[in-house]
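First up is the structure itself, then whatever we jot down about it.
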Amino acid sequence: MILLIIIGFILVIAGYTLKDNANPLSKFSGTIRIIGFLVIGLGILSSMFKQIDAGKVGVKSLYGNVQPDILESGLHVINPLLDIMVFDVQTQNYTMSAIHNEGAQEGDDAIRVLSNDGLEVVIDLTVLYRVIPNEAPKILKGIGENYTDKIVRPITRTRIRDNAVYYDAVALYSTKRNEFQQRIFKTIEDDFKKRGLVLEQLLIRNINLPTSVKTTIESKINAEQDAQKMQFVLQKEKQEAERKRVEAQGIADYQKIISTNLTDKQLQYEQIKAQKELAASPNTKIIFMGKNNGSVILSDK
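Pasting the structure below:
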């Protein structure tokens, strides 16, 4: 746009210069001037329109003076003299990883911290953040467009180192990992907000310990799991033993009740019931009833 205006001025000046010279091209001087004015007009006209893409905002500045209002996404008619800096307000990520070419920086960019017990812990981390649209002029004026290297990276690394000293290596690797992540999220979130950024999520991707310490921790975790498994087995055996004890007690109580309450009359009644069932059987032919209620059963077999 500015380039068109400059080219237009050059053409206009060239047209006037050729007009005053005895040059074969002087007869084209008028045409050159007209083309020059048209190019200048086209440059000015195109400078008056600015399109802001979706997910971005424009920050206006005039001769270095940053304007407090912003341009939302869409097409705008502006002062041609304004300089527009476009800021991305969508979610962005910044990764610091020990793996080559995986993070934002070349090479090993993982965060190395000292834990409470003096061991070096290597942390891979991803920061999800975005620019607050209305704070974009403040960022441009106070920080500049390179806010990632000036704010996101140094604050994240510093706060992680500051908070890691409250935990020992074993806790960071196992039981206190979520607590550590929540703690650094809170501190980084406050720092970002003061500078016009929103921290959306903090993802601890990996925590690496010295090999000897890692082996010790894994052995301890396996031992704890075995102990929990054994405790479950013992609890199950105790429940089975209790079930058998209750069953035995029930049988004993039943036998005690029977032996106490069973009379001769009851026995005689049960005997008659059994004889009736035998008499009804197709295999039984004759039943002789004795004097003392004894019986002889004759079968056809």
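Heads up: the sequence shown is residues 25 to 325, going by our numbering. We treat Cβ as the ideally placed atom computed from N, Cα and C, and that holds for glycine.
Span of the alpha helix (DSSP H), counted from its first residue to its last, around residue i
i	result
L164	A160 to G166
V194	A193 to Y197
I231	Run containing I231: none in the alpha helix (DSSP H); it sits in the beta strand (DSSP E), L221 to N232.
D214	R201 to K218
N170	Run containing N170: none; DSSP gives neither H nor E here.
A304	First-last for A304: undefined, no H or E at that position.
Cross-strand partners of residue i (DSSP beta bridge)
i	result
S97	According to DSSP, which records beta bridges pairwise, S97 is partnered with nothing at all.
V81	F111
Euclidean distance between Cα positions of residue i and residue j
i	j	result
T172	V110	15 Å
L322	K280	Residue placement at L322 is flagged as unreliable, the pLDDT there being 49, under the threshold of 50; the coordinate-derived value follows with that caveat. Going from the Cα of L322 to the Cα of K280 covers about 36 Å.
T119	I228	10 Å
K297	E261	44 Å
S236	P157	48 Å
T41	E126	59 Å
G79	S97	7 Å
R267	E248	29 Å
Y197	Q252	20 Å
D186	Q116	24 Å
F256	T239	26 Å
V176	E242	34 Å
D215	I123	28 Å
D375	E159	Outside the displayed span of the chain (25 to 325) sits residue 375, for which this structure offers no information.
I34	I68	15 Å
E294	E271	27 Å
R269	M254	23 Å
R207	D133	22 Å
I167	I56	46 Å
K217	L164	15 Å
F73	E130	39 Å
E169	N89	15 Å
I58	Q91	36 Å
D250	K244	10 Å
A128	G65	43 Å
E301	Q273	33 Å
R219	Y153	12 Å
R201	A276	56 Å
P178	T199	27 Å
I135	E213	18 Å
Q292	Q299	11 Å
Y278	N246	48 Å
Limits of the unbroken beta strand (DSSP E) element including residue i
i	result
I76	F73 to I76
Contact check, residue i vs residue j, beta carbons under 8 Å
i	j	result
N140	Y191	yes
T211	R181	no
I231	V151	no
L221	V155	yes
L95	V113	no
D107	S85	yes
V101	P161	no
Q205	L223	no
V188	L138	Looking at the sequence shown, residue 188 is not Val but Ala. Cβ distance < 8 Å, so A188 and L138 count as in contact.
D148	S121	yes
I37	V63	no
Q75	L99	yes
L143	A195	no
Any C-beta of chain C under 8 Å from that of residue i
i	result
R229	This model lacks chain C altogether, as it is built from one protein chain only.
At 3 residues or longer, what runs of the beta strand (DSSP E) sit wholly inside the segment 84-156? Fully enclosed beta strand (DSSP E) runs of no fewer than 3 residues occupy 89-95, 98-101, 107-112, 116-120, 135-138 and 144-155 of the segment 84-156, in order along the chain.
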